[in-house]
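Chemist: Per my numbering, the very first residue in the sequence shown carries number 486; after that it's consecutive. Quick reminder that beta carbons are idealized off the backbone N, C-alpha and C, glycines included.
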Amino acid sequence: MVKVDIKIDKDVLETTIIIVTNEIDDEVLKLQESIINLKPNLLSGFNGNRFEIIKEENIIRLYTSEGRVYIVTKDKEYVTRQTLQELENELNKNYFIRISRFDIINLDKIKSFDLSFVGTISVEMVNGDVLYVSRRKLKEVKSYLGI
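(1) So, under 8 Å CB-CB, residue 609 and residue 622 are touching, yes? Tell me the CB distance rounded to an integer number of Å.
(2) Under 8 Å by Cβ, that's how I've got residue 573 and residue 589 pegged, so tell me the actual separation to the nearest angstrom.
(3) In terms of residues, what are the limits of the alpha helix (DSSP H) holding residue 582?
(4) If you follow the alpha helix (DSSP H) that residue 537 is in, where does it begin and where does it stop?
(5) Any idea what DSSP makes of residue 620, helix, strand or coil?
(6) Assuming residue 527 and residue 539 form a contact by the criterion Cβ under 8 Å, report the distance between their Cβ atoms to the nearest whole angstrom.
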């Protein structure tokens, strides 16, 4: 059971969250990670000659192709100088999961799953992109989704 207390102190300049527990277990570590990932994350990318800031919440997927890394939103596709691995480390793990060597998806932007394929899962995103979970990531994705 988790107990939540909120203390208001007008003299405090920065919000502080303290976890008090009798032991550090998986639940406490997940809670800590969730709290750390509360801050909004901004990424950046090029759209033609324009360098733009991209809110994490607007990202549908990130992928690599022909040595470049792309960030896909509802309206645009950006090229970024960061690697997919760097982006995976920056993104909020509560919303983003890597489904293959080439793709990271936003779980909030999934339209549907097709489980009829043997050895993989087909994922349709809200923009119509259809992606496939690699065999290497299949167990992790199924576990993450509770399938």
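Modeler: In brief:
(1) Not confirmed; about 17 Å, so no contact.
(2) Between residue 573 and residue 589, the beta carbon gap of about 6 Å places them in contact (Cβ cut-off 8 Å).
(3) Unbroken run through residue 582 is the beta strand (DSSP E), 581–583; no alpha helix (DSSP H).
(4) Taken as a continuous stretch (DSSP letters only), residue 537 belongs to no alpha helix (DSSP H), being part of the beta strand (DSSP E) at 535–540.
(5) In the structure shown, residue 620 falls within a helical segment according to DSSP collapsed to helix, strand and coil.
(6) Correct: roughly 7 Å between the Cβ atoms.
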